[in-house]
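Participant: Have a look at this one before I ask anything.
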Ligand code: GLU
């Protein structure tokens, strides 16, 4: 079983989508199920509707899953497992107040040492625990030995026992801390491999410790993906527009192109342009570079163009707001000066829009419009142009400039005969 475990706390980040895509590919390769676990236990950070938005994005990208779970529905298991640990003395109640702990943290900071909980409550006599009315958290006992994580991408990572303290698993209100909920849920779902972002590496030994303490000794495999950097070499954050999947989609990047790029980044694929389904045939986590991948929007633009070229004309036509496949073909011509469906849509819209003719050509344009109104249908641009030339007596710049603007809305652009081929059925609508 594989899982993708997004938090419904904001727009989906491309790093998260990359994690989802890799989980999907590997689940297909291993013939194991993929479940989606919405990690919604942090009530204050949850944003209403984000869970559905994430699922919609997964559907749009063709990421199939067998089940959607909500972490909050597992609360009774989290409580039961924490009780089990308390009962077996693998966890203990901690009555230290937040102010006290903040103070300790401050002291550690001032003496430039890493803060570790000092186990003040680790071995309180029973009479101080039972009937104690003070609020308390529940902490799991720190490990006695180093914890070794074997990661498919990072190799072996060793966490010394003293790097991990007795950390909190249940808050004072008895809601589970993130690591506890996550470790328990992975265990309950019988997860075999966890693919997630490298920001979770430091959580891994804690989650292993929790499962071991619960008597679950199955080795879960790990693959932590390197972070994605922006142009300035900084971690891509919410401030980088392109970090948001929603933004990229709104800007006219095709899901298939975004997926292609996210699989290509920091990887050694046998080819540059491909679809997700093909990647299942050759993808190997072992080929993912350990170092952070740099997001290159120009590369994504290039890939997007290639994917737009591969679209059926009818489908591309829908992206630019039409149903006629001729308009899809027309849009493909404009790929020579556009990278996204949004840009293509604007080009096509300008063809059908009311035209803004510069003063010097206004009179000629009016003449052309009048002639076109009564003109017969022409299959070829040459014949259409010759007809207007003969009827108007216009030639050279005075004919071609206003004619191009009347047909396309702009003075420059692709070969006009090629454009005409796909707009000839709409001439009456366009030249006005
Ligand atoms: N909910 C976590 C996140 O969105 C993922 C945790 C995990 O994959 O274990 O970053």
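Residue numbers (my numbering): 1285 to 1716.
Cβ coordinates follow ideal geometry from the N, Cα and C atoms, glycine included.
So residue 1316 and residue 1286 are in contact, right, with Cβ under 8 angstroms, and what is the actual spacing, rounded?
Facilitator: The C-beta distance from residue 1316 to residue 1286 rounds to 6 angstroms, short enough to meet the 8 angstroms contact threshold.
Participant: Below 8 angstroms, how does it come out for the stretch 1494-1501 and the stretch 1521-1541: are there three or more Cβ pairs, yes or no?
Facilitator: Touching, no, given that fewer than three Cβ pairs across the two stretches are closer than 8 angstroms.
Participant: Counting C-beta neighbours from all protein chains within 10 Å, is the total for residue 1293 16 or more, i.e. buried, or is it exposed?
Facilitator: By the neighbour-count rule (16 or more Cβ atoms within 10 Å), residue 1293 is not buried but exposed.
Participant: Leaving out five residues before and five after residue 1566 in sequence, what residues of the same chain have Cβ atoms less than 6 angstroms from its Cβ?
Facilitator: Result list for residue 1566: 1554, in chain order.
Participant: Considering only the alpha carbon of each residue, which of 1349, 1611 and 1300 lies closest to residue 1702?
Facilitator: 1611
Participant: The beta strand (DSSP E) spanning residue 1434 covers which residue range?
Facilitator: 1431-1435
Participant: Look up residue 1439 in the DSSP assignment and say whether it is helix, strand or coil.
Facilitator: strand
Participant: Flag residue 1291 as yes when its Cβ comes closer than 7 angstroms to any non-hydrogen atom of the ligand GLU, and as no otherwise.
Facilitator: yes
Participant: Counting only runs that start and end within the stretch 1393-1428, where is the beta strand (DSSP E) found for 3 or more residues in a row?
Facilitator: 1421-1424
Participant: Does the structure place the stretch 1428-1447 close enough to the stretch 1504-1514 that three or more beta carbon pairs sit under 8 angstroms?
Facilitator: Yes, since at least three Cβ pairs between the stretch 1504-1514 and the stretch 1428-1447 fall closer than 8 angstroms, the two stretches touch.
Participant: What's the C-alpha gap between residue 1469 and residue 1598?
Facilitator: 44 angstroms
Participant: Report buried or exposed for residue 1412, applying the criterion of at least 16 other Cβ atoms within 10 angstroms of its Cβ.
Facilitator: exposed
Participant: Could you tell me which of 1349, 1291, 1519 and 1380 sits nearest to residue 1309, measuring between CA atoms?
Facilitator: 1349
Participant: In the DSSP assignment, find the unbroken beta strand (DSSP E) run with residue 1505 in it and report its ends.
Facilitator: 1505-1509
Participant: Can you say whether residue 1398 is buried or exposed, counting buried as having 16 or more other CB atoms within 10 angstroms of its CB?
Facilitator: exposed
Participant: What residue range does the beta strand (DSSP E) around residue 1378 cover?
Facilitator: 1375-1378
Participant: So residue 1286 is in the beta strand (DSSP E); what residue range does that whole segment cover?
Facilitator: Looking at the DSSP string, the run of the beta strand (DSSP E) that includes residue 1286 is 1286-1288.
Participant: In whole angstroms, what is the alpha-carbon distance linking residue 1614 and residue 1339?
Facilitator: 33 angstroms
Participant: Beta carbon of residue 1536: closer than 7 angstroms to some heavy atom of the ligand GLU?
Facilitator: Because no heavy atom of the ligand GLU lies under 7 angstroms away, the Cβ of residue 1536 does not count as near it: no.
Participant: If you count every other CB in all the chains shown that lies within 10 Å of the CB of residue 1297, and 16 or more means buried, which is it?
Facilitator: The residue in question, residue 1297, is buried, as its Cβ has 16 or more Cβ neighbours within 10 Å.
Participant: Tell me which residue opens and which closes the beta strand (DSSP E) that residue 1468 is part of.
Facilitator: Counting along the chain, residue 1468 sits inside no beta strand (DSSP E); it lies in the alpha helix (DSSP H) bounded by residues 1462-1472.
Participant: Tell whether a beta-carbon distance below 8 angstroms holds between residue 1475 and residue 1441.
Facilitator: no
Participant: Is DSSP giving residue 1354 helix, strand or coil here?
Facilitator: Note: residue 1354 maps to strand in three-state DSSP.
Participant: Compare the beta carbon distance of residue 1406 and residue 1380 with 8 angstroms and say whether it is the shorter of the two.
Facilitator: no
Participant: Is there at least one non-hydrogen atom of the ligand GLU closer than 7 angstroms to the beta-carbon of residue 1300?
Facilitator: yes
Participant: Sort 1650, 1377, 1666 and 1675 by Cα distance to residue 1659 and report the nearest one.
Facilitator: 1675
Participant: When you compare only the Cα positions, how much space is there between residue 1536 and residue 1627?
Facilitator: 7 angstroms
Participant: Can you tell me where the alpha helix (DSSP H) with residue 1479 in it begins and where it stops?
Facilitator: From DSSP, residue 1479 is part of no alpha helix (DSSP H) but of the beta strand (DSSP E) over 1477-1481.
Participant: With three or more C-beta pairs closer than 8 angstroms as the rule, is the stretch 1664-1673 touching the stretch 1631-1648?
Facilitator: no
Participant: What's the call for residue 1371, buried or exposed, on a 16-neighbour Cβ count within 10 Å?
Facilitator: exposed
Participant: Closest to residue 1300 by C-alpha separation, out of 1329, 1377, 1530 and 1709, would be which residue?
Facilitator: 1530
Participant: Tell me whether the beta-carbon of residue 1543 lies closer than 8 angstroms to the beta-carbon of residue 1345.
Facilitator: yes
Participant: What are the partner residues of residue 1519, as DSSP defines its beta bridges?
Facilitator: 1513
Participant: Measuring straight from C-alpha to C-alpha, what distance separates residue 1752 and residue 1464?
Facilitator: For the chain, the structure presents residues 1285 to 1716; residue 1752 sits outside this window and is missing.
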